[in-house]
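Chemist: Quick one: the structure is below, and I'll ask about it shortly.
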């Protein structure tokens, strides 16, 4: 794990639930205080990531995002303001009393929010069987397309690089080393059944993700002039394969 946690007790890892983000009819919505207050002591994470002498940001968006959080117990918590830390892959929440809490992926199955840049709603989930590049079943992925056979997803991340002596960092001491966050990195996957394949936004890479359907996908992309160079193209191909 990349985050620094100041636990109030030992952390108990929980088993991963299913990916259904729709709370069952008999499970009512919660508010965040109910969620925090209901957690047993060994499931509380009263901490916030700290980055000393660091330039840049670990967040998907510097300001607060507003959306819905989905818990392992299948409760939905609507109208929550939070920050999505893509470096640590965690949700950071602060209540009106100034209490800061890291909502670790083990507590959640997903969340959604309105993207301030596009105005569209983005949905994130974990629980995928992807074990590469530091990813695992707790990693969050944005859901670009969801069908019964095919899903198109992407994961966001950042690196934290060491730099020279700290400059223009409030409170930095002379000679201390500063670090900086890189621009966000994005990796795409196509999930067919239980098989997840990393793909580049390139025509050949996308075609290879569908063994046994390569020729049909190739013909579709040619006829529809789908170049495969954008996330939208990835969704178009996933939607096509879903209907085959």
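Numbering (our numbering), first residue to last: 1 to 244.
Virtual Cβ for every residue (Gly too), placed ideally from N, Cα, C.
Please read all numbers here as calculations on a predicted model, not as lab measurements.
1) Just the C-alpha distance for residue 93 and residue 122, rounded to the nearest angstrom, thanks.
2) In this structure, how does DSSP classify residue 58 when only helix, strand and coil are distinguished?
3) Let's see if you can read the secondary structure: which residues bound the alpha helix (DSSP H) around residue 216?
4) State the Cα-Cα distance for the pair residue 145 and residue 158, rounded to the nearest angstrom.
5) Tell me the residue span of the beta strand (DSSP E) that contains residue 120.
6) Leaving out five residues on either side along the sequence, give the residues of the same chain with a beta carbon under 8 Å from the beta carbon of residue 68.
7) Residue 243 by DSSP, collapsed to three states: which one?
8) Do you know whose CA, among 204, 135, 143 and 64, lies nearest residue 235's CA?
9) Nearest to residue 130 by CA position, among 36, 35, 154 and 51, is which residue?
10) Assign residue 229 to one of three DSSP states: helix, strand, or coil.
11) Please report the distance separating the alpha-carbon of residue 221 from that of residue 189.
12) Enumerate in chain order the residues of its own chain whose CB-to-CB distance from residue 135 is below 7 Å, with the five nearest sequence positions on each side excluded.
13) Rounded to a whole number of angstroms, what is the C-alpha to C-alpha distance between residue 84 and residue 125?
14) Give the DSSP bridge partners of residue 93, in chain order.
Modeler: Reading off the structure:
1) Within the model, the alpha-carbon separation for residue 93 versus residue 122 is close to 18 Å.
2) Annotated three-state conformation of residue 58 is coil, per DSSP.
3) For residue 216, the enclosing alpha helix (DSSP H) covers residues 214–223.
4) One C-alpha to the other measures close to 23 Å.
5) In the DSSP assignment, residue 120 falls outside any beta strand (DSSP E) and carries neither an H nor an E.
6) If you ignore the 5 residues before and after residue 68, its C-beta comes within less than 8 Å of the C-beta of 76, 77, 78, 79, 80, 111, 112 and 113, all in its own chain and listed in chain order.
7) The answer is helix: DSSP assigns residue 243 an H, G or I state.
8) Selection 204, 135, 143 and 64 evaluated against residue 235 yields 143 as nearest (Cα-Cα).
9) Nearest of 36, 35, 154 and 51 to residue 130, Cα basis: 154.
10) Residue 229 falls in the coil class under three-state DSSP.
11) Each residue's alpha carbon lies about 18 Å from the other.
12) Around residue 135: 155.
13) Cα to Cα, residue 84 sits roughly 13 Å from residue 125.
14) Bridge partners of residue 93: 101.
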